[in-house]
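Q: If you read the sequence shown in numbering that gives the first Met the number 0, its first letter stands for residue 0, the second for the next number, and so on. Got a structure for you, questions after.
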Amino acid sequence: MPRIAPQPGIMDIALYVGGQSRVEGVDDVVKLSSNENPFGPSPAAIEAIAASAAQAHRYPSTDHAELRAAIGAVHGLDPERIICGVGSDEIIHFLNQAYAGPGDEVLHTEHGFSMYKISAKAAGATPVEVPERERVTDVEALIAGVTERTRLVFIANPNNPTGTFIGEQDLRRLAEGLPEDVILVLDGAYAEFAEGYDGGAALVDEFPNVVMTRTFSKLYGLGGLRIGWAYAAREVIDVLNRIRGPFNLSNTQLAAAEAAVRDRAYIANCLRQNATQRARLAQGLADLGIPSDRSDANFILARFTDAAEAEACDLFLQSRGLIVRRVGSYNLPQCLRITVGDEAAVTRVLDAVADFRAERG
Ligand code: PMP
Numbered sequence: 000m001p002r003i004a005p006q007p008g009i010m011d012i013a014l015y016v017g018g019q020s021r022v023e024g025v026d027d028v029v030k031l032s033s034n035e036n037p038f039g040p041s042p043a044a045i046e047a048i049a050a051s052a053a054q055a056h057r058y059p060s061t062d063h064a065e066l067r068a069a070i071g072a073v074h075g076l077d078p079e080r081i082i083c084g085v086g087s088d089e090i091i092h093f094l095n096q097a098y099a100g101p102g103d104e105v106l107h108t109e110h111g112f113s114m115y116k117i118s119a120k121a122a123g124a125t126p127v128e129v130p131e132r133e134r135v136t137d138v139e140a141l142i143a144g145v146t147e148r149t150r151l152v153f154i155a156n157p158n159n160p161t162g163t164f165i166g167e168q169d170l171r172r173l174a175e176g177l178p179e180d181v182i183l184v185l186d187g188a189y190a191e192f193a194e195g196y197d198g199g200a201a202l203v204d205e206f207p208n209v210v211m212t213r214t215f216s217k218l219y220g221l222g223g224l225r226i227g228w229a230y231a232a233r234e235v236i237d238v239l240n241r242i243r244g245p246f247n248l249s250n251t252q253l254a255a256a257e258a259a260v261r262d263r264a265y266i267a268n269c270l271r272q273n274a275t276q277r278a279r280l281a282q283g284l285a286d287l288g289i290p291s292d293r294s295d296a297n298f299i300l301a302r303f304t305d306a307a308e309a310e311a312c313d314l315f316l317q318s319r320g321l322i323v324r325r326v327g328s329y330n331l332p333q334c335l336r337i338t339v340g341d342e343a344a345v346t347r348v349l350d351a352v353a354d355f356r357a358e359r360g
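Here it is as structure tokens:
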């Protein structure tokens, strides 16, 4: 036992448990537990990854200028107001480290992404959970939850694990309703899947205290490489860059992300397939008596009668090689979060759930 104790609050952090990827004794496994792109990264990204190997002896760029320029060009954003990180997880850490500390409060929604809590506690701050309305972000509750200690408010839109989305009017109301010295983080990990949504970029331009975070892990199929980014006011980007490690992204990460973001045709096709299969999955489950909220993401949250039924269905799916996500740690024990797979995977899920239902009578 080392004689030094960690900082207060660290031992209160519950370890993050990632999506399972193996089932003992089952070979033909489809992983639908981490909201990954079933088609993988763009072939252009794979080529860029391979080509980057020859540069492995060179330190990477410290300022990520080329990747920021590519992201800026594609999204119509000022590259000077973009920062890149090791997944959006790292950006969430930067925000908490930079703006929250002991005695400060960090607001997150009832079923919000677990990293907000972990990261706030790691910074010594106190995460504060705000209730939702039927699994949808409640902007009035968030505004009412602010105290003079609040420094940051995190919402994911669409939200993980609920898949629910709030529109322009609610987002604007939230930005307007928060004090100017509170940072509102609009986590857009799934923003691309919500048709017509800009991830909150226009609000960032309007409100200096709004930050948008994005990722290459979901739609872009690069979760294994860990690349995320944020768009914010210049002053915020300047603050975050001061605590960013100079070589936080490798040559391979930078090259892959740049190629991926430029391949718009590939992305458009992934989005089309996601929309088609998401509708099929949700409707198919509803036909089997398993409802879900409207999802604007690449997963759906299937609601069972109770926790026991959700668990039994999860085990049944596993026996068929289908790995989905239990969300008991999000206080949704009666639900299973199912990533939208390709057509064959959705067929397998629907067939398996139909058999599960038939077996239980
Ligand atoms: N935000 C949300 C809402 C997420 O679901 C995730 C991934 N599960 C992340 C952020 C972090 O993603 P990454 O670090 O891979 O960019």
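Note that CB positions come from ideal geometry on N, CA and C, so glycine has one too.
#1: Say the cut is 7 Å; is the CB of M211 nearer than that to a heavy atom of the ligand PMP?
#2: Does the distance from the C-beta atom of R325 to that of L335 stay below 8 Å?
#3: Taking only runs that begin and end inside the region 93 to 153, name each unbroken alpha helix (DSSP H) of 4 or more residues, in chain order.
#4: Find the nearest neighbour of R319 within the set D26, L248, R2, M0, judged by alpha-carbon distance.
#5: Please output, in chain order, the residues near the ligand PMP using a CB cut-off of less than 5 Å to any non-hydrogen atom of the ligand.
#6: How big is the Cα-Cα spacing for A118 and T212?
#7: When you compare each of R21, Y230, I289, H74 to V260 by their alpha carbons, which one comes out closest?
#8: Quick one: Cα of N208 to Cα of N240, how far?
#9: Is E35 closer than 8 Å to G283 when the C-beta atoms are compared?
#10: Quick one: Cα of N159 to Cα of E234, how far?
#11: So for V352, helix, strand or coil by DSSP?
#12: Judging by CA-CA distance, which residue of G24, I322, V323, S294 is the nearest neighbour of Y189?
#13: Thinking C-alpha only, which one of G327, E257, L331, P332 is nearest A69?
#14: Identify the continuous alpha helix (DSSP H) that holds A278 and give its terminal residues.
#15: Relative to the C-alpha of V29, which candidate in L321, A353, F355 has its C-alpha closest?
#16: Assign R225 to one of two classes, buried (16 or more other C-beta atoms within 10 Å of its C-beta) or exposed (fewer than that).
#17: Does DSSP put T394 in a helix, a strand or coil?
#18: Tell me whether E104 is buried or exposed, calling it buried when 16 or more other Cβ atoms sit within 10 Å of its Cβ.
#19: Put P192 into one of helix, strand or coil per three-state DSSP.
#20: Which of the three DSSP states, helix, strand or coil, is assigned to D62?
#21: Going by Cα to Cα distance, which pick from A43, R67, V238 is closest to N95?
#22: Taking the C-alpha atoms as reference points, what is the distance between V203 and R2?
#23: Note down, in chain order, each residue of its chain lying with its Cβ closer than 6 Å to the Cβ of T363, except the 5 sequence neighbours on either side.
#24: Ordered along the chain, which non-local residues of its own chain (more than five positions away) have a Cβ less than 8 Å from that of D313?
#25: Under three-state DSSP, which class holds F315?
#26: Select from A267, L270, R359 the residue whose C-alpha is nearest the C-alpha of E308.
#27: Quick check: what's the CA-CA separation for R148 versus A255?
#28: Residues in the same chain with beta-carbon distance under 7 Å from P59, minus the five sequence neighbours each way, listed in chain order, please.
A: Working from what's here:
#1: no
#2: Between R325 and L335, the C-beta spacing is below 8 Å.
#3: DSSP runs (the alpha helix (DSSP H)) wholly in the region 93 to 153: 114 to 121, 138 to 143.
#4: It is D26.
#5: G86, S87, D88, F112, A155, N159, D186, A188, T214, S216, G227
#6: Note on residue identity: the sequence assigns Ser, not Ala, to residue 118. Computed Cα separation, rounded: 15 Å.
#7: H74
#8: Each residue's alpha carbon lies about 17 Å from the other.
#9: no
#10: 29 Å
#11: helix
#12: S294
#13: E257
#14: It spans 263 to 286 - the alpha helix (DSSP H) in which A278 sits, taken as one unbroken run.
#15: For the set L321, A353, F355, the Cα lying nearest the Cα of V29 is the one of L321.
#16: Under this definition R225 is a buried residue.
#17: Given a span of 0 to 360 for the chain in the structure shown, any question on residue 394 remains unanswerable.
#18: buried
#19: The sequence shown places Phe at residue 192, rather than the Pro named in the question. Reduced to three states, the DSSP call for F192 is helix.
#20: Coil.
#21: Nearest of A43, R67, V238 to N95, Cα basis: V238.
#22: Taking the straight line joining both Cα atoms gives about 45 Å.
#23: Since the first residue of the chain shown is 0 and the last is 360, residue 363 is not available in this structure.
#24: V323, R325, L335
#25: helix
#26: R359
#27: 40 Å
#28: F246, L248, S249, N250, L253
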